[in-house]
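Heads up: the sequence lines are chains A and B, in that order. FYI, in the working numbering the residues of the first sequence are 147 to 259. FYI, in the working numbering the residues of the second sequence are -10 to 100. Don't be surprised by glycine CBs; every beta carbon is placed ideally from N, CA and C. Below is one structure, written out as structure tokens; the observations come after it.
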Amino acid sequence: EAEVAQSPRYKITEKSQAVAFWCDPISGHATLYWYRQILGQGPELLVQFQDESVVDDSQLPKDRFSAERLKGVDSTLKIQPAELGDSAMYLCASSLAAGQVQYFGAGTRLSVL
Amino acid sequence: QKEVEQNSGPLSVPEGAIASLNCTYSDRGSQSFFWYRQYSGKSPELIMSIYSNGDKEDGRFTAQLNKASQYVSLLIRDSQPSDSATYLCAVNRGTGNQFYFGTGTSLTVIP
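What follows is the structure, encoded as structure tokens:
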């Protein structure tokens, strides 16, 4: 069964360090999403890609966060520098096309000390 | 006003009972509606999608949509302890295909 792959599963870092997360969507899925989920809350969209283009990054803190999907397949989300408030689950999801069912990866649990 | 609102719970039901989870949304132009289940520490997994008014059944799960009232619900029949999780309602606004998630309802099924 096709899955969205994410790595690492867990990341512990110190404040002011750089961190990066990787996501490989289900093959053939054109749309890729990065979400942040704080404990007790729903997922919050950080950035949405259609193929290699960003279509929505309105909630991405651009002073410290960046995301790319250079060849329209896998994607990387980077935080530099990390802050204490960035501790959360970072979820990647993909869908065949925008607006269709999204399938989630296992997520990356980030702890910033 | 939030795009998607859910009662955060916790909701507790005895094993074998019907669990009813509710969700309201603000944008009348929303087109697609989804229910996800999320176990503690895990990622969301899709339970059901619904696109038109009425009921949609899949095993023990029934999704109900009422666009006039901007309301979508999920019924779980014959609830099992394994159904204990947080249930997330997600809505696709249509315009820009933007997805919004509610904060989730925590369900506990008591054996």
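C-beta contact flag for residue i and residue j at 8 Å
i	j	result
A/S257	A/I184	no
A/L178	A/S212	no
B/V80	B/S19	yes
A/Q152	A/A228	no
A/S241	A/H175	yes
A/K161	A/L223	no
B/G93	A/G251	no
Reference residue i, options the options, closest by Cα
i	options	result
B/D72	B/P100, B/Q59, B/N81	B/P100
B/A101	B/S15, B/G5, B/S9, B/V2	Outside the shown range of chain B, which is -10 to 100, sits residue 101 of chain B, and nothing can be said about it.
B/E34	A/K224, A/Y249, A/G218	A/Y249
B/L10	B/Y28, B/G18, B/S19, B/E(-6)	B/E(-6)
B/Q87	A/R182, A/E214, A/E190	A/E190
B/Q59	B/R17, B/G5, B/T51	B/R17
A/G253	A/S173, A/G245, A/L242, A/Y181	A/Y181
A/D197	A/G251, A/A243, A/L259	A/A243
B/R66	B/R82, B/N(-4), B/E46, B/C78	B/E46
B/A74	B/A8, B/Q(-10), B/E(-8)	B/A8
B/Q69	B/R26, B/G5, B/T13	B/G5
A/R255	A/Q226, A/A166, A/A148	A/A166
A/Y156	A/K217, A/D170, A/V219, A/M235	A/M235
A/G186	B/G(-2), B/E(-8), B/F50, B/V61	B/G(-2)
Nearest-angstrom Cβ-Cβ length linking residue i and residue j, presumed shorter than 8 Å
i	j	result
B/L63	B/Y76	6 Å
A/L237	B/S32	6 Å
B/L54	B/F22	6 Å
Exercise. Which runs of the beta strand (DSSP E), 3 residues or longer, sit entirely within the region 189 to 239 of chain A?
Worked result: 190 to 196, 199 to 202, 211 to 214, 221 to 225
Three or more C-beta pairs below 8 Å linking the region 198 to 209 of chain A and the region 41 to 52 of chain B
no
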